[in-house]
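>
Protein chains: 4
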Amino acid sequence: MPILLTGFAPFDGEHINPSWEAVRGFDGREIAGHRIDVQRLPVEFHTAREHLREALLARRYAAVLCIGQAGGRSSISLERVAINLADARMADNANYQPQMQPLIAGAPNAYFAPCRLESALAALHAASIPAEISLSAGSFVCNDVFFGLCHFHATEQASLRGTFVHIPYAPQQVLQRPLPSMPIEMVQRAIEVLIEGLAAE
Amino acid sequence: MPILLTGFAPFDGEHINPSWEAVRGFDGREIAGHRIDVQRLPVEFHTAREHLREALLARRYAAVLCIGQAGGRSSISLERVAINLADARMADNANYQPQMQPLIAGAPNAYFAPCRLESALAALHAASIPAEISLSAGSFVCNDVFFGLCHFHATEQASLRGTFVHIPYAPQQVLQRPLPSMPIEMVQRAIEVLIEGLAAE
Amino acid sequence: MPILLTGFAPFDGEHINPSWEAVRGFDGREIAGHRIDVQRLPVEFHTAREHLREALLARRYAAVLCIGQAGGRSSISLERVAINLADARMADNANYQPQMQPLIAGAPNAYFAPCRLESALAALHAASIPAEISLSAGSFVCNDVFFGLCHFHATEQASLRGTFVHIPYAPQQVLQRPLPSMPIEMVQRAIEVLIEGLAAE
Amino acid sequence: MPILLTGFAPFDGEHINPSWEAVRGFDGREIAGHRIDVQRLPVEFHTAREHLREALLARRYAAVLCIGQAGGRSSISLERVAINLADARMADNANYQPQMQPLIAGAPNAYFAPCRLESALAALHAASIPAEISLSAGSFVCNDVFFGLCHFHATEQASLRGTFVHIPYAPQQVLQRPLPSMPIEMVQRAIEVLIEGLAAE
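So the sequence lines, in the order shown, correspond to chains A, B, C and D.
Using this note's numbering, read the first sequence as starting at -9 and increasing by one per residue.
Using this note's numbering, read the second sequence as starting at -9 and increasing by one per residue.
Using this note's numbering, read the third sequence as starting at -9 and increasing by one per residue.
Using this note's numbering, read the fourth sequence as starting at -9 and increasing by one per residue.
Written as structure tokens, this is what we have:
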């Protein structure tokens, strides 16, 4: 079975999204015996989650790894908690800015990531990649996709492994501001390590 | 004429110093027609500066580029100002901790870096490397070496170009703490860019 | 009906806990027609939550406001999400360090705070007090108490209003380290504003 | 002899300058037997320094304490080093943006603050006020004024004591952004402590 890897379109006035820059080259590659399918998600509430669900329904995946930008963070963030909340401080790319809305009516308040984050963290550290476990993926589109992933796991395909990972800005995004960044090459090594871990679960 | 490139030994309880990890492989390479000589400096007040001076007296260099670790910074820092002050919050590697001492009696209070930092900054940004100009190299051994470099330029060899550059922690130094880092490979690309700039002055 | 206000004992090697310094003087005061009862909770998993529950069972409160230290944050954090997880990076004051344990078996994965955080945020800003809404109270004892508060609301007393608020270090805790802080007097003004808001709901 | 205390006008799009909010109320007060004269300086290169010099020439002061805003810092910064450089990343309030200009031709590259910063730091810490010694006052108008103060001390009135102190944003300036702040009341306590120290030198 293949593994699905997703990134996002640029948003918040940025010219690139490092998640897409990092994942685009993986399409068609084989890692740990699994073919990698890559998909770019729009930064739009609901629509992004629907695109993910359609991809997960179109063929059966062994695992899914969703990547998103978390500008200002300095390390790879393995997200533990997806919350049933859309609450945006800025509009998404479709100019929609929900306030305190549930993502999926009737779904639980939160899900925990359906994979082993501790071993993933250890594997990243063993590869000398700064990484941490995060307890909040925010309440914007990244969390929406993450919640959708967990809900699909909980209600439609319990065997699916997967998680959501936030990455720092790429270096070219912080040239004029004193913020942490991580080269795309290092993010790509992190993705390989994470896919190998998902494949081994 | 060759170009001198220096890094430091580890200090402050660290197992590596990213400045040494970045520069060690440059020894004997040729960049922009200049042979690169590499030297490792001890993290010891006075002694580090003397080692640098001996190297600069042993043969005539076109330029000198000194690299040091500035843990916690997120980008390449091109240092503008060296101050005539030794004032240490911790002991150096020889267990010496000076408080409010001048580095060189009779020397000016400060020197400005003897090279064009604006063009160096632009070249780093053109290479998508996060970089900034810094107005303080501290008052520890890095500043001591930088002040010595500037003093040598001012009193012994006015044609010498050079500067001091602070670099972030390496990724393997921040695995357990939420601090910015920069891969050694990116630091090495920065050093190539900076050496090409010094060679062109 | 009175309002319950809690703070914590010192932990993590600190000599004080700013939450306790801020709340201790409120005991017996009357704000917006409500008497304030103050209680100090131990920094111990399970025990802290049990103490809170006993207090809430001993008499009927109109609202409860729990305060805890979040060292490193720069503003008042109104916590939105309590998660059903105990996962500690250090031992609590009873030398217990749970890893990936549910707090209450059979309870939901998460609760949202049972009060209006938006109006509380606006009231704090109107009083010129730096404040933000936070989506993670961590997975240490603070979150344990917050989860207990929400669970009590959900299962035993639906009329109870309340929330958990993280506060920065006090100034005297950061004299030797470059971290944000907030004077106890400003935290106390924030608590008054928050209690007035809870009383008005 | 009186003591001169200065603050600045707002700049950088801010509605207030916390330095002026902190100092304005001191005018005419007596501290440690010295009358306090307060002056507001414009955020304009050269002009601010000239205003300071005119005040110092108009009457003989025992000491001068200049306060300026350093947005983003978390503690009181006692500035150690004034550099002979005007290099601005944004225009001043007179729309002047110098690049790499000396402030005073023929003056030294730098001055060290003409007062005892260590005892000032200890006194602030004894008062539980977060404070640190800083080695860079930047290269904008604050540094210009600080350099002018030091140059006046060096060339016109060697008995004058004084220094430049950077302060954090006021709380009302950071309500919408996650930056450190310090209440004006705490800054005012710091100013009293610093004036008492200057008076005792």
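Note that beta-carbon positions come from the ideal geometry of N, C-alpha and C, so glycine has one too.
Of all the CB atoms in chain D, is at least one closer than 8 Å to the CB of isoleucine 94(B)?
Walking along the second sequence from the start, residue 94(B) turns up at place 104. No, its Cβ sits nowhere closer than 8 Å to a Cβ of chain D.
> Just how far apart, CA to CA, sit proline 158(A) and glutamate 122(A)?
Against the first sequence, residue 158(A) aligns to sequence position 168. Against the first sequence, residue 122(A) aligns to sequence position 132. So the two alpha carbons sit approximately 12 Å from each other.
> If you compare alpha carbons, which of Val28(A), Leu75(A) and Ala103(A) is closest to histidine 68(A)?
Taking the first sequence and counting its residues from 1, the one referred to as residue 68(A) is at position 78. In the sequence under discussion, the amino acid at residue 68(A) is leucine, which differs from the histidine named in the question. Checking every option, the nearest Cα to that of leucine 68(A) belongs to Ala103(A).
> Could you name the residues of the same chain whose beta carbon sits closer than 8 Å to that of isoleucine 21(A), not counting the 5 residues immediately before and after it, in chain order?
In the first sequence, residue 21(A) corresponds to position 31, counting from 1. If we look at isoleucine 21(A) and ignore the five residues flanking it on each side, its Cβ neighbours are Ile(-7), Glu182, Ile185, Glu186 and Ala189.
> Looking only at C-alpha atoms, which of Ser65(C), Ser9(C), Ala60(C) and Gln29(C) sits nearest to glutamine 166(D)?
Taking the first residue of the fourth sequence as position 1, residue 166(D) is located at position 176. Of the listed residues, the one whose Cα sits closest to glutamine 166(D) is Ser65(C).
> Given that a residue counts as buried once 16 or more other Cβ atoms are within 10 Å of its Cβ, and exposed if not, what is asparagine 85(D)?
Taking the first residue of the fourth sequence as position 1, residue 85(D) is located at position 95. Asparagine 85(D) should be labelled exposed.
> Quick one: which residues of the region 158 to 169 of chain D get their C-beta closer than 7 Å to a C-beta of chain C? List them in chain order.
Residues passing the 7 Å Cβ filter: Pro161, Gln162, Val164, Leu165, Pro168 and Leu169.
> With 8 Å as the threshold, decide whether the Cβ of aspartate 66(A) is near any Cβ in chain B.
Residue mapping note: residue 66(A) aligns to position 76 of the first sequence, counting from 1. Per the sequence shown, residue 66(A) should be read as isoleucine rather than aspartate. Isoleucine 66(A) does not count as touching chain B.
> Looking at serine 124(B): is its Cβ nearer than 8 Å to the Cβ of arginine 70(B)?
Counting from 1 along the second sequence, the entry for residue 124(B) is found at position 134. Counting from 1 along the second sequence, the entry for residue 70(B) is found at position 80. Contact flag set, yes.
> So what does cysteine 56(C) bridge to, in DSSP terms?
By one-based count along the third sequence, residue 56(C) stands at place 66. Paired residues: Thr(-4)(C) and Phe154(C).
> Would you report the Cα separation of alanine 110(D) and leucine 55(D), rounded to the nearest angstrom?
In the fourth sequence, residue 110(D) corresponds to position 120, counting from 1. In the fourth sequence, residue 55(D) corresponds to position 65, counting from 1. Rounded to whole angstroms, alanine 110(D) to leucine 55(D) spans 12 Å at the Cα level.
> Does the Cβ-Cβ distance between alanine 45(D) and leucine 150(D) come in under 8 Å?
Walking along the fourth sequence from the start, residue 45(D) turns up at place 55. Walking along the fourth sequence from the start, residue 150(D) turns up at place 160. Result no, Cβ atoms of alanine 45(D) and leucine 150(D) do not sit closer than 8 Å.
> In the DSSP output, which residue or residues are listed as bridge partners for histidine 24(D)?
Along the fourth sequence, read from residue 1 onward, the residue named residue 24(D) stands at position 34. DSSP lists Ile21(D) as partners of histidine 24(D).
> May I have the straight-line CA-CA distance separating leucine 47(A) from leucine -5(C), to the nearest angstrom?
Mapped onto the first sequence, residue 47(A) falls at position 57. Mapped onto the third sequence, residue -5(C) falls at position 5. So the two alpha carbons sit approximately 50 Å from each other.
> Please classify histidine 5(B) as buried or exposed, where buried requires at least 16 other C-beta atoms within 10 Å of its C-beta.
Translated into positions along the second sequence, residue 5(B) becomes position 15. Flag for histidine 5(B) reads exposed.
> Does histidine 5(C) come within less than 8 Å of chain D when only Cβ atoms are used?
Numbered from its first residue, the third sequence carries residue 5(C) at position 15. Closer than 8 Å: no.
> I'd like to know whether the C-beta of valine 71(B) is nearer than 8 Å to at least one C-beta of chain D.
Here residue 71(B) corresponds to residue number 81 of the second sequence, with the count starting at 1. Cβ-Cβ to chain D under 8 Å: yes for valine 71(B).
> Using a C-beta to C-beta distance shorter than 8 Å, which residues of chain A count as neighbours of serine 149(B)?
On the second sequence, residue 149(B) is found 159 positions in, with the first residue counted as 1. Ordered by position in chain A, no residue passes the 8 Å Cβ test against serine 149(B), which lies about 32 Å from the chain.
> Quick one: list the residues of chain A neighbouring glutamate 182(B), beta-carbon separation under 9 Å, in chain order.
For this step, residue 182(B) is matched to residue 192 along the second sequence. What glutamate 182(B) touches in chain A: nothing, since even the nearest Cβ is about 15 Å away.
> With 8 Å set as the bound, which would you pick, yes or no: does the beta-carbon of glutamate 122(A) sit closer than that to a beta-carbon of chain B?
In the first sequence, the residue the question calls residue 122(A) occupies position 132. At least one chain B Cβ lies under 8 Å of glutamate 122(A).
> So with CB distances below 9 Å, who are the chain B contacts of serine 171(A)?
Locating residue 171(A) in the first sequence gives position 181, where the first residue counts as 1. Here the neighbours are Ser64, Ser65, Pro120, Pro170 and Met172.
> Run through DSSP, which three-state label would glutamine 89(D) get?
Your numbering for residue 89(D) matches position 99 in the fourth sequence. Correct three-state label for glutamine 89(D): coil.
> Using a Cβ-Cβ distance cut-off of 8 Å, determine whether histidine 115(D) contacts chain C.
Reading the fourth sequence from its first residue, position 125 is the one you call residue 115(D). With 8 Å as the cut-off, histidine 115(D) counts as an interface residue toward chain C.
> Can the beta-carbon of alanine 81(C) be found closer than 8 Å to that of glutamine 87(C)?
Locating residue 81(C) in the third sequence gives position 91, counting from the first residue. Locating residue 87(C) in the third sequence gives position 97, counting from the first residue. In contact: alanine 81(C) and glutamine 87(C) (Cβ atoms closer than 8 Å).
> According to DSSP, is valine 71(B) helix, strand or coil?
Start at 1 with the first residue of the second sequence, and residue 71(B) comes out as number 81. Reduced to three states, the DSSP call for valine 71(B) is strand.
> With distances taken from CA atoms, which of Pro98(A), Glu108(A) and Ala117(A) is nearest valine 164(B)?
Counting from 1 along the second sequence, the entry for residue 164(B) is found at position 174. Nearest option by C-alpha distance: Ala117(A).
> Given a cut-off of 8 Å on the beta-carbon distance, is the pair glutamate 191(A) and arginine 106(A) in contact?
Within the first sequence, the letter at position 201 stands for residue 191(A). Within the first sequence, the letter at position 116 stands for residue 106(A). Contact: yes.
> As a quick exercise: from Arg179(B), His36(B) and His41(B), pick the residue whose alpha carbon is nearest that of leucine 114(B).
Mapped onto the second sequence, residue 114(B) falls at position 124. Selected option, being the one with the closest Cα: Arg179(B).
> How would you list, in chain order, the residues of chain A whose beta-carbon sits under 7 Å from the beta-carbon of proline 98(C)?
Here residue 98(C) is taken as the residue at index 108 of the third sequence, counted from 1. In chain order: Pro98 and Asn99.
> Grab me the residues of proline 173(B)'s own chain with a C-beta within less than 8 Å of its C-beta, minus the 5 sequence neighbours each way, in chain order.
Against the second sequence, residue 173(B) aligns to sequence position 183. Ala160 and Pro161, listed in sequence order.
> Looking at arginine 30(A): is its Cβ nearer than 8 Å to the Cβ of alanine 60(A)?
What you label residue 30(A) is simply residue 40 of the first sequence in a count that begins at 1. What you label residue 60(A) is simply residue 70 of the first sequence in a count that begins at 1. Result no, Cβ atoms of arginine 30(A) and alanine 60(A) do not sit closer than 8 Å.
> Would you list, in chain order, the members of the region 125 to 145 of chain B that have their beta-carbon closer than 8 Å to a beta-carbon of chain D?
Answer set for the region 125 to 145 of chain B: Leu125, Ser126, Gly128 and Ser129.
> Could you check how far apart the C-beta atoms of alanine 72(D) and glutamine 91(D) are, in whole angstroms? I think they sit under 8 Å.
In the fourth sequence, counting from the first residue as 1, residue 72(D) sits at position 82. In the fourth sequence, counting from the first residue as 1, residue 91(D) sits at position 101. No, alanine 72(D) and glutamine 91(D) are not in contact; Cβ-Cβ is about 15 Å, not under 8 Å.
> How about phenylalanine -2(D): is its C-beta nearer than 8 Å to some C-beta of chain B?
Here the question's residue -2(D) lines up with position 8 in the fourth sequence. No, because no Cβ of chain B sits closer than 8 Å to the Cβ of phenylalanine -2(D).
> When you compare the CB positions of alanine 148(A) and tyrosine 101(A), do they come within less than 8 Å of one another, or not?
In the first sequence, the residue the question calls residue 148(A) occupies position 158. In the first sequence, the residue the question calls residue 101(A) occupies position 111. Going by C-beta atoms, alanine 148(A) is not nearer than 8 Å to tyrosine 101(A).
> On a Cα-Cα basis, can you pick out the residue from Val13(B), Ala12(B) and Asn99(B) that is closest to histidine 141(B)?
Counting from one through the second sequence, the residue named residue 141(B) turns up at place 151. Comparing Cα-Cα distances from histidine 141(B) to each of Val13(B), Ala12(B) and Asn99(B), the minimum goes to Asn99(B).
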